[in-house]
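Worksheet for the structure shown next.
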Amino acid sequence: MESTVINPPELFVGKAFSQTFSVEGAKRLVFIAGQIDCDRDGRVRNPGDLEAQLKGTLDNLDIALRAQGATMHDLVKVNVYIVGLQPAQTPKIRDIRAAYFNAEKPPAVTLVGIERLSMDGLLVEIEGIAAL
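Start counting the sequence shown at 523; every next residue gets the next number (the numbering used here).
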């Protein structure tokens, strides 16, 4: 499988995401449902703590990917939903994501601020698509 990242010079190039990501020759796509920072019994692990939830959610995303024989470096598209997202939080969110994603070819990422998620105390949900 060959992947290509192109960040057009006319567009913003930020940390921990790519503007465009193409894949040729992928044998399989893996779609990961929205992951949250909860234990296997569905209890939120770090209610109200954005940074801890972001890390826990990314850890769960990694577990889900590995169950399909993929890794975080196979991600090509990620959607991140944050309750009450404020612009000042974006640099920290990018820094945390950068620790998990492929530094040379980070996935295309959409970061969306939302009003609420499905459980009280839950602040982050992340879904992804990997190409193998």
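Each residue gets a CB set at the ideal place from its N, CA and C atoms; glycine is no exception.
As the structure is a computational prediction, the values presented were derived from the model and not from experiment.
Under the DSSP assignment, Asn582 falls in the alpha helix (DSSP H) whose first and last residues are Leu572 to Ala589. It is roughly 6 Å from the alpha-carbon of Glu637 to the alpha-carbon of Gly606. Beta bridge pairing from DSSP links Gln557 with Ile648.
Of the residues assessed, Leu587 falls on the buried side of the cut-off, its CB having 16 or more other CB atoms within 10 angstroms.
The shortest C-alpha to C-alpha distance from Thr612 to any of Pro530, Gln590 and Val631 is the one to Val631.
Arg550 and Pro628 have their C-alpha atoms roughly 19 Å apart. Arg616 has its alpha-carbon roughly 13 Å from the corresponding atom of Ile604. Around the C-beta of Gln608, fewer than 16 other C-beta atoms lie within 10 Å, and the residue is accordingly described as exposed.
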